[in-house]
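Quick note on our numbering: the sequence shown kicks off at 2 and runs consecutively. C-beta: ideal position from N, C-alpha, C; glycine also. The block underneath contains the structure these notes are about, expressed in structure tokens.
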Amino acid sequence: MFKTGDKIKVIDDNQKGTVIRVHKNQITILNEFGFEESFYPNELLPDETLEIGKVIVEQPEFNSKKKSKNPLSEPKEIDLHIGQLVDSYAQLTNFEMLQIQLNKIKDEIELARAEKRNRLIFIHGHGSGKLKEEMTKLLNRYKGIEIYDASFRKYKLGATEVKLH
2 MFKTGDKIKV IDDNQKGTVI RVHKNQITIL NEFGFEESFY PNELLPDETL EIGKVIVEQP
62 EFNSKKKSKN PLSEPKEIDL HIGQLVDSYA QLTNFEMLQI QLNKIKDEIE LARAEKRNRL
122 IFIHGHGSGK LKEEMTKLLN RYKGIEIYDA SFRKYKLGAT EVKLH
């Protein structure tokens with residue numbers, strides 16, 4: 002899936018890099034700070050999927066079962082890292098950044114309902130926990146949804162899954 006020279010992003014961290022080595026189920030990258038780090042393939046995304054505001058589609062895992070024929074039954078991943086939602090955030094306050102992220106969540110919930118999609122995964126990362134806290138408050142106001150921590154194996158504690166009924 003990944004090869005030497007690919008540009009990647011780490012799912013749980015606002016970090017980018019270049020693949021320098023692929024060995025079995027380990028991908029070693031040279032991050033933007035010049036350090037080598039190793040990851041499993043399901044912890045990385047190709048950098049070309051990370052255009053501003055673009056929704057990220059779930060990466061297939063090694064040895065995964067055959068994909069469902071209905072793409073709406075697959076979870077839609079939404080990266081809430083502020084750098085993925087706006088061109089520049091240097092002049093934004095923390096409050097403004099949080100509002101942009103919460104508005105993205107609202108928009109995605111409305112879109113999912115319109116598309117009759119049943120699962121979303123919001124990637125929020127670890128950070129201070131403020132985004133996750135505010136997101137949970139927001140999501141608890143909606144009727145007909147369930148909220149879970151997304152797969153620990155894939156996202157550690159950096160994502161929340163929403164099931165819509």
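Pull up the distance between the alpha-carbon of Asp80 and that of Phe123, whole angstroms please. Reading the sequence shown from its first residue, position 79 is the one you call residue 80. Reading the sequence shown from its first residue, position 122 is the one you call residue 123. The straight-line gap from Cα to Cα measures roughly 6 Å.
Which of the three DSSP states, helix, strand or coil, is assigned to Gly84? In the sequence shown, the residue the question calls residue 84 occupies position 83. Reduced to three states, the DSSP call for Gly84 is helix.
Outcome for His125 when other beta-carbon atoms lying within 10 angstroms are tallied against a minimum of 16: Residue mapping note: residue 125 aligns to position 124 of the sequence shown, counting from 1. His125 is buried by the Cβ-count criterion.
Using CA atoms only, rank isn't needed, just tell me which of Gly35, Gln27, Tyr156, Leu158 is closest to Gly18. As a position in the sequence shown, residue 18 is number 17, starting the count at 1. When each option's Cα is compared against that of Gly18, the closest is Gly35.
Look at Phe3 and Ile21 and say whether their C-beta atoms are less than 7 Å apart. Looking up residue 3 in the sequence shown gives position 2. Looking up residue 21 in the sequence shown gives position 20. In this structure, Ile21 does not lie closer than 7 Å to Phe3 by Cβ.
For the putative contact between Ile106 and Met136, defined by C-beta atoms under 8 Å, what is the C-beta separation to the nearest angstrom? Here the question's residue 106 lines up with position 105 in the sequence shown. Here the question's residue 136 lines up with position 135 in the sequence shown. Contact holds; Cβ gap of about 6 Å.
Quick one, are the C-beta atoms of Leu121 and Glu109 less than 7 Å apart? Reading the sequence shown from its first residue, position 120 is the one you call residue 121. Reading the sequence shown from its first residue, position 108 is the one you call residue 109. Between Leu121 and Glu109, the C-beta spacing is below 7 Å.
Under 8 Å: do the stretch 6-16 and the stretch 126-135 share three or more Cβ pairs, one atom per stretch? Cβ pair count under 8 Å is three or more, so yes.
Per the DSSP calculation, Arg120 is bridged to which residue(s)? Along the sequence shown, read from residue 1 onward, the residue named residue 120 stands at position 119. According to DSSP, Arg120 bridges with Lys164.
On the three-state DSSP scale, how would you describe Asn26? The count along the sequence shown starts at 1 and reaches residue 26 at position 25. Asn26: coil per DSSP, three-state reduction.
Using a Cβ-Cβ cutoff of less than 6 Å, which residues in the same chain neighbour Phe40 once the five nearest sequence positions on both sides are dropped? As a working note, residue 40 is residue 39 in the sequence shown. Excluding positions up to five away in sequence, the list reads Ile28.
I think Lys131 touches Ile146, with their Cβ atoms under 8 Å apart; what is that distance to the nearest whole Å? Within the sequence shown, numbered from 1, the residue matching residue 131 stands at position 130. Within the sequence shown, numbered from 1, the residue matching residue 146 stands at position 145. In this structure Lys131 is not in contact with Ile146, their Cβ atoms being roughly 21 Å apart against a cut-off of 8 Å.
How many angstroms separate the CA atom of Leu46 from the CA atom of Val87? Stepping through the sequence shown from its first residue, residue 46 is reached at position 45. Stepping through the sequence shown from its first residue, residue 87 is reached at position 86. Rounded to whole angstroms, Leu46 and Val87 show a C-alpha spacing of 19 Å.
Quick one: what's got a C-beta closer than 8 Å to Tyr172's C-beta in the same chain, skipping five residues either side? With the chain covering only 2 through 166, there is no way to say anything about residue 172.
For Glu44, which residues from the same chain have a beta carbon less than 6 Å from its beta carbon, with the 5 sequence-adjacent residues on both sides left out? In the sequence shown, the residue the question calls residue 44 occupies position 43. Hits under 6 Å: Ile12.
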